[in-house]
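Student: Submitted below is the structure of interest, expressed as structure tokens.
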Amino acid sequence: MSPESETSGGLKTELTLGLPGELQVQKSGIKRGFCEVVDLKLVNNSKSESQPSSKTQVVGWPPVRSYMKNLVRNCKYVKVAVDGAPYLRKIDLEIHSSYQDLLTGMGDLFTCLTICNVLNERKLMDSANGEEYVPTYEDKDGDWMLVGDVPWKMFVESCKRVRLMKSSEAIGLGAAAPSTPSKGSSTGC
Amino acid sequence: MAQSFPEDVLEHVFSFLNHDRDRNAVSLVCKSWYDIERLSRRRIFIGNCYAVSPEIVIRRFPDVRAVELKGKPHFADFNLVPEGWGGYVYPWVVSMAGAYPWLEEIKLKRMVVTDENLELISKSFKNFTVLVLLSCEGFTTDGLAYIAANCRNLRELDLGESEVEDLSGHWLSHFPDNCTSLVSLNISCLGSEVSFSALERLVARCPNLKTLRLNRAVPLEKLPNLLCRAPQLVELGTGAYSAEIQSDIFSNLSEAFLGCKQLKGLSGFWDVVPAYLPAMYSVCSQITSLNLSYATAQNPDLVQFVSQCGNLQRLWVLDYIEDVGLEALAAACKDLQELRVFPSDPYDAEGNVTLTEQGLVAVSEGCPKLQSVLYFCRQMSNAALVAIARNRPNMIRFRLCIIEPRAPDYLTLEPLDAGFGAIVENCKELLRLSMSGLLTDRVFEYIGTHAKKLEMLSIAFAGDSDLGLHHVLSGCESLRKLEIRDCPFGDKALLANATKLETMRSLWMSSCSVSFGACKLLGQKMPRLNVEVINERGPPDSGPEDCPVEKLYVYRTIAGPRVDMPGFVWTMDERVSSRFSRATEGHGD
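Read top to bottom, the protein sequences are chains H and G.
Counting from 1, position 110 in the first sequence corresponds to residue 110 in UniProt numbering; the numbering is continuous, with no gaps.
Counting from 1, position 375 in the second sequence corresponds to residue 375 in UniProt numbering; the numbering is continuous, with no gaps.
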């Protein structure tokens, strides 16, 4: 729970959990970059990280045949953080077959965002406040890259987490990726 | 005693009896009926391969044409039965090779089959037509090559969900060019690619092919080639259902499906690309059986596709269908009889989908013929279970798996006793039940009182005491199979109901509180049961008598203790029990 939110006066949000170390960027109550509709379970920071491992290592439980486990093991959940939003969503990269599909998926997940393809750039836009977001990701080497630069399969393989970065901040990202302040390394993953 | 009818008349009458139960009943009438029946029985089903020996079977039934055998207990599906436990088909194949030269069909489930066994089968039975291997293991694709090459009149080859060591796809090319007899081919469990041209030619020359289940390696672009050559297919399992989005692939696919006027069943759908689902729209209204349990499509694509299939009777699907999809299903598919919903991510405690008890309630309300359910979910309530029970008194199979062990009613935090109690009380024809969630001894009281037709019961992380087990063993008159894991059931109920065990096929108990001493006692008292203790950590007698055994498998048998046990399985028969006691007696510890 970050101290800022508690002192933010009349802004009574349940959504006080954010990425540790991240500034609470809630514009005072009026226009928020994101929908209020948030699944509280996803907000709960304490549970999110160690997910599948902790409880579920009972042999043979749940009673799923091994061929079904194999099916699902092609499952790659990565966290998607959106600048200005205090919560994370998870997206399964393996479900998507292309970048366009991924953007569509993110549009579905963050229902306030719509895809806008400007020239060759893939962006998402929040229609409420006109803010544009550029999808970026952290790869295996810890570098922040623009989503879309490498072949899809290579992206799926190397992507560790995704951040929808405000367009304004994304300038200069690409070749010489400025290492963003450790927002990414936050969540004790 | 004078016969009313000559033997051949009786034999003719008996030929109309196909069900084992009827034939068994007939054989009990008198000695001559017993003899006529046994000489004319052509199909035998052995639910536990260790309950009887090949010699005993052959002696009684000398002219059998079809054999069905089951090996490992059901919990082997979930890795609870260690490797090497048993279930070898070898002695059966060897004996039958000599005794049943006219054998046509072998169906095996959860058995260990080797390439040598397959070779022997392919060479011993001249009229061999049907080989079904469900959840089997121990063989490679080399073994399949023997079957393909030598079984001239093969009609059915079904590899089910077996674990096959995949050396290559070349085995399929061993089907001779003059093999035209195939009716059913299921290779969906195989990993490696078979020669597509060999497959294409095989399909083209088998005009009676009705069932074709491909493996993942068969690409979607090539599927039309097969469908065009087999428009008479009734059941199709696709390979990977993904391809680059190209309009010519789509149109070829649509056209091919359009030609399949007999198609009733669909499965496969690995790696599904939703854009290609509409290619099947022309057949959707014919489809009665749909297996989407590998299809990782989400809504709205998923529900859109399923809703097209208004005549669906059976649906297997991942929890990506969500409650909203199940509500649509309930509205669109009024003939639905069987629903299975599998977890897309079973090891994620929270899940990423909105699939709750609501979906199941909706289907139970909307589908009047729903009688068979397997449902994985993350929350349940007594209220929902009661609603389901009241909606569907015609339910005969009900298997519910709440992912978190011992999860209570999420609304009231109470045990789910009342909910499952309502199921057994309302669904008077219930044959099979699997339970989960927080359950006390009370639910077992309900089961013992009401579940009079119940044949198979699966219990996990439930109950408080031996009373629970006692209720089940003493109350469920029709019980044949009981499998239990991680329940506080111990010696008392087991020993008090020892004779009940002879009326059942088998009992499995793992991670319970049954002591080694009780197992020994049970083995001593009940010579017609095999009481097998599975202890991987060491011999059961290395600790005190009251030490619980890891796993216990008890089954009735007329073949005596088995001789193929691995080192971690001990059978508690008279000789062995006394050997154990002698060994411990001398210890000065």
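Beta carbons are placed, not taken as given, at the ideal position from N, Cα and C, and that holds for glycine.
With a threshold of 7 Å between beta-carbons, can H/Lys-31 be considered close to chain G, or not?
Tutor: Here the question's residue 31 of chain H lines up with position 31 in the first sequence. Low confidence applies here, because H/Lys-31 scores a pLDDT of 36, under 50, leaving its location unreliable and the question unanswered by this model.
Student: Are three or more beta carbon pairs between the segment 475-485 of chain G and the segment 523-539 of chain G nearer than 8 Å?
Tutor: no
Student: With DSSP as the reference, identify every bridge partner of H/Trp-61, one or two as the case may be.
Tutor: Within the first sequence, residue 61 of chain H is the residue found at index 61, counting from 1. According to DSSP, H/Trp-61 bridges with nothing at all.
Student: Using the Cβ count rule (16 or more neighbours within 10 Å means buried), how would you classify G/Phe-128?
Tutor: Looking up residue 128 of chain G in the second sequence gives position 128. G/Phe-128 is buried by the Cβ-count criterion.
Student: For G/Gly-84, I'd like the list of residues in its chain whose CB is within less than 6 Å of its CB, leaving aside the five on either flank, ordered along the chain.
Tutor: Here residue 84 of chain G corresponds to residue number 84 of the second sequence, with the count starting at 1. These residues qualify, in order along the chain: Pro-566.
Student: Which residues in the same chain as G/Asp-20 place their Cβ atom closer than 6 Å to its Cβ, once the five residues preceding and following it in sequence are excluded?
Tutor: Taking the second sequence and counting its residues from 1, one reaches residue 20 of chain G at position 20. Once the five neighbours on either side are set aside, the close Cβ partners of G/Asp-20 are Phe-45.
Student: Which chain G residues sit within Cβ distance under 7 Å of H/Met-165?
Tutor: As a first step, residue 165 of chain H must be located in the first sequence, where it is residue number 165. In chain order: nothing, as chain G lies at least about 24 Å away.
Student: According to the neighbour-count rule (16 or more other Cβ atoms, all chains shown, within 10 Å of its Cβ), is H/Lys-55 buried or exposed?
Tutor: As a working note, residue 55 of chain H is residue 55 in the first sequence. Because the pLDDT of H/Lys-55 is 42, which lies under 50, any placement of that residue in the model is unreliable, and the question is left without a value.
Student: Does chain H have any CB closer than 7 Å to the CB of G/Val-139?
Tutor: As a first step, residue 139 of chain G must be located in the second sequence, where it is residue number 139. Note that residue 139 of chain G is Phe in the sequence shown, not Val. Not one chain H Cβ lies under 7 Å of G/Phe-139.
Student: Is the Cβ of H/Pro-151 closer than 7 Å to any Cβ of chain G?
Tutor: Here residue 151 of chain H refers to the residue found at position 151 when the first sequence is read from its first residue. Not a single CB atom of chain G sits nearer than 7 Å to the CB of H/Pro-151.
Student: Smallest Cα separation from G/Val-303: which of G/Ala-332, G/Ser-289, G/Ile-287, G/Gln-286?
Tutor: Position 303 of the second sequence, counted from the start, is the residue given in the question as residue 303 of chain G. Minimum Cα distance to G/Val-303 is reached at G/Ala-332.
Student: Return yes when the Cβ of H/Glu-131 is within less than 7 Å of the Cβ of H/Lys-123, no when it is not.
Tutor: Residue mapping note: residue 123 of chain H aligns to position 123 of the first sequence, counting from 1. Residue mapping note: residue 131 of chain H aligns to position 131 of the first sequence, counting from 1. For H/Lys-123 and H/Glu-131, no; Cβs fall outside 7 Å.
Student: Can you tell me which of G/Gly-468, G/Tyr-294, G/Ser-197 puts its alpha carbon nearest to the alpha carbon of G/Thr-440?
Tutor: Residue mapping note: residue 440 of chain G aligns to position 440 of the second sequence, counting from 1. Closest by alpha carbon: G/Gly-468.
Student: Within 7 Å (strictly less), CB to CB, does H/Ser-97 reach chain G?
Tutor: Within the first sequence, residue 97 of chain H is the residue found at index 97, counting from 1. Yes, its Cβ sits closer than 7 Å to a Cβ of chain G.
Student: Near G/Cys-519, which residues of its chain fall below 8 Å by C-beta distance, leaving aside the five closest residues on each side in sequence?
Tutor: For the purposes of this step, residue 519 of chain G is taken as the residue at position 519 of the second sequence. So the qualifying residues of the chain are Val-531, Val-533, Pro-540, Val-549, Leu-552, Met-572.
Student: Classify G/Ile-56 as buried or exposed, calling it buried when 16 or more other Cβ atoms lie within 10 Å of its own Cβ.
Tutor: Along the second sequence, read from residue 1 onward, the residue named residue 56 of chain G stands at position 56. With fewer than 16 Cβ atoms within 10 Å of its Cβ, G/Ile-56 is classed as exposed.
Student: From the DSSP output, which residues share a beta bridge with G/Lys-481?
Tutor: As a working mapping, residue 481 of chain G is identified with position 481 in the second sequence. The secondary-structure analysis by DSSP pairs G/Lys-481 across a beta bridge with G/Met-456, G/Ser-506.
Student: For H/Gly-148 and chain C, any beta-carbon pair shorter than 7 Å?
Tutor: The structure shown contains no chain C; its protein chains are H and G.
Student: Could you name the residues of the same chain whose beta carbon sits closer than 8 Å to that of G/Leu-233, not counting the 5 residues immediately before and after it, in chain order?
Tutor: Against the second sequence, residue 233 of chain G aligns to sequence position 233. Cβ within range, chain order: Leu-209, Lys-210, Thr-211, Leu-212, Leu-227, Cys-260, Gln-262, Leu-263.
Student: Can you look up G/Leu-467 in the DSSP assignment and give me helix, strand or coil?
Tutor: Residue numbering aside, residue 467 of chain G sits at position 467 when the second sequence is read from its first letter. G/Leu-467: helix per DSSP, three-state reduction.
Student: Would a check of beta-carbon distances place G/Leu-80 closer than 7 Å to chain H?
Tutor: The sequence position of residue 80 of chain G within the second sequence is 80, counting from 1. Closer than 7 Å: yes.
Student: Quick one: grab the DSSP three-state call for G/Gly-98.
Tutor: Counting from 1 along the second sequence, the entry for residue 98 of chain G is found at position 98. Helix at G/Gly-98.
Student: Between G/Arg-229 and the rest of its own chain, which residues show a CB-CB distance below 7 Å, the 5 nearest in sequence each way excluded?
Tutor: In the second sequence, the residue the question calls residue 229 of chain G occupies position 229. The answer, listed in chain order, is Glu-200, Val-203, Ala-204.
Student: What are the boundary residues of the beta strand (DSSP E) that G/Glu-161 is part of?
Tutor: Sequence index remark: in the second sequence, residue 161 of chain G carries index 161 (1-based). Neither: G/Glu-161 is in no beta strand (DSSP E) and is coded neither H nor E.
Student: What residue does the beta strand (DSSP E) around G/Trp-570 start on, and which one ends it?
Tutor: Numbered from 1 along the second sequence, position 570 holds the residue referred to as residue 570 of chain G. Start and end: 569-571.
Student: Tell me which residues share the same chain as G/Ala-76 and place their Cβ nearer than 7 Å to its Cβ, disregarding the 5 neighbours each side in the sequence.
Tutor: Position 76 of the second sequence, counted from the start, is the residue given in the question as residue 76 of chain G. So the qualifying residues of the chain are Arg-110.
Student: Given this structure, state the Cα-to-Cα distance separating G/Leu-144 from G/Val-218, to the nearest angstrom.
Tutor: Within the second sequence, the letter at position 144 stands for residue 144 of chain G. Within the second sequence, the letter at position 218 stands for residue 218 of chain G. Going by the C-alpha atoms only, they are around 18 Å apart.
Student: What span of residues does the alpha helix (DSSP H) with G/Asn-24 cover, start to end?
Tutor: Counted from its first residue, the second sequence places residue 24 of chain G at position 24. Element bounds for G/Asn-24: 20-27.
Student: Output needed in chain order: residues of the segment 400-421 of chain G with a Cβ under 9 Å from some Cβ in chain H.
Tutor: Cys-401, Ile-402, Ile-403, Glu-404, Pro-405
Student: Taking just the CA atoms, how far does G/Glu-221 sit from G/Asp-409?
Tutor: Within the second sequence, the letter at position 409 stands for residue 409 of chain G. Within the second sequence, the letter at position 221 stands for residue 221 of chain G. So the alpha carbons of these two residues sit roughly 48 Å apart.
Student: Taking just the CA atoms, how far does G/Glu-483 sit from G/Ala-383?
Tutor: Counting from 1 along the second sequence, the entry for residue 383 of chain G is found at position 383. Counting from 1 along the second sequence, the entry for residue 483 of chain G is found at position 483. Roughly 27 Å separates the two Cα atoms.
Student: Assuming G/Val-361 and G/Ala-387 are in contact, meaning their beta carbons sit under 8 Å apart, how far apart are those beta carbons, in whole angstroms?
Tutor: For the purposes of this step, residue 361 of chain G is identified with residue 361 of the second sequence, where counting begins at 1. For the purposes of this step, residue 387 of chain G is identified with residue 387 of the second sequence, where counting begins at 1. So it is a contact: roughly 5 Å between Cβ atoms.
Student: Using a 10 Å radius around the Cβ and a threshold of 16 neighbouring Cβ atoms, would you call G/Pro-274 buried or exposed?
Tutor: Taking the first residue of the second sequence as position 1, residue 274 of chain G is located at position 274. Label assigned to G/Pro-274: buried.
Student: Is there at least one Cβ from chain H nearer than 7 Å to G/Pro-346's Cβ?
Tutor: Walking along the second sequence from the start, residue 346 of chain G turns up at place 346. Closer than 7 Å: yes.
Student: Taking DSSP as the reference, what is the three-state secondary structure of H/Ala-170?
Tutor: Along the first sequence, read from residue 1 onward, the residue named residue 170 of chain H stands at position 170. Helix, per DSSP.
Student: Starting from G/Ala-66, follow the beta strand (DSSP E) in both directions and report where the run begins and ends.
Tutor: Here residue 66 of chain G refers to the residue found at position 66 when the second sequence is read from its first residue. 66-70 is the extent of the beta strand (DSSP E) around G/Ala-66.
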